[in-house]
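A.B. asks:
Numbering (full-length UniProt numbering), first residue to last: 1 to 140.
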């Protein structure tokens with residue numbers, strides 16, 4: 001198991017409802033296993049873990065290449081991908097990342113990423129009223 005997952009913290013978090021995870025990914029130039037680039041390895045991870053994720057109700061909401069930082073006020077802004085992934089609960093996430101199929105696939109993720117941050121989120125109270133519908137679903 002990847003020691004960087006904060007599973008104990010997720011298990012005791014008081015919010016037991018659905019959770020949306022914001023993933024920020026920076027690829028290695030080359031996969032640690034010597035099989036292509038870091039992005040190639042991450043694609044192998046997604047292919048290997050995808051069926052198990054889907055079986056557990058996980059859904060990829062959105063994914064994009066990060067082309068540049070538009071605001072940088074401290075911290076690290078060097079990322080290649082941003083992904084939004086929805087889970088039915090924090091428990092569903094922890095069950096997924098500890099299952100045998102995930103652990104087998106995770107080798108590819110570890111070979112491919114230089115860094116990877118996953119932030120557990122939910123819509124802030126009242127924030128949905130602030131969103132403006134522009135009719136352009138690609139902007140969301």
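Just so you know, even glycine gets a beta-carbon here, dropped at the ideal spot from N, CA and C. Note that this is a predicted model, so its numbers are computed, not measured.
Going straight from the alpha carbon of residue 140 to that of residue 4, what length do you get?
C.D. replies: In this prediction, residue 140 scores a pLDDT of 49, lower than 50, which makes its location untrustworthy; no coordinate-derived value is stated.
A.B. asks: What residue range is occupied by the uninterrupted beta strand (DSSP E) comprising residue 65?
C.D. replies: From DSSP, the beta strand (DSSP E) with residue 65 extends over 59-65.
A.B. asks: So, for residue 26: in the same chain, excluding its five sequence neighbours on each side, which residues have a beta-carbon less than 7 Å away from its beta-carbon?
C.D. replies: Excluding sequence neighbours, residue 26 sits near 78, 79, 80, 113, 114 and 115.
A.B. asks: Considering only C-alpha positions, which residue in the set 87, 118, 11 and 98 is nearest to residue 57?
C.D. replies: It is 87 whose Cα lies nearest to the Cα of residue 57.
A.B. asks: On a Cα-Cα basis, can you pick out the residue from 70, 110 and 54 that is closest to residue 96?
C.D. replies: When each option's Cα is compared against that of residue 96, the closest is 54.
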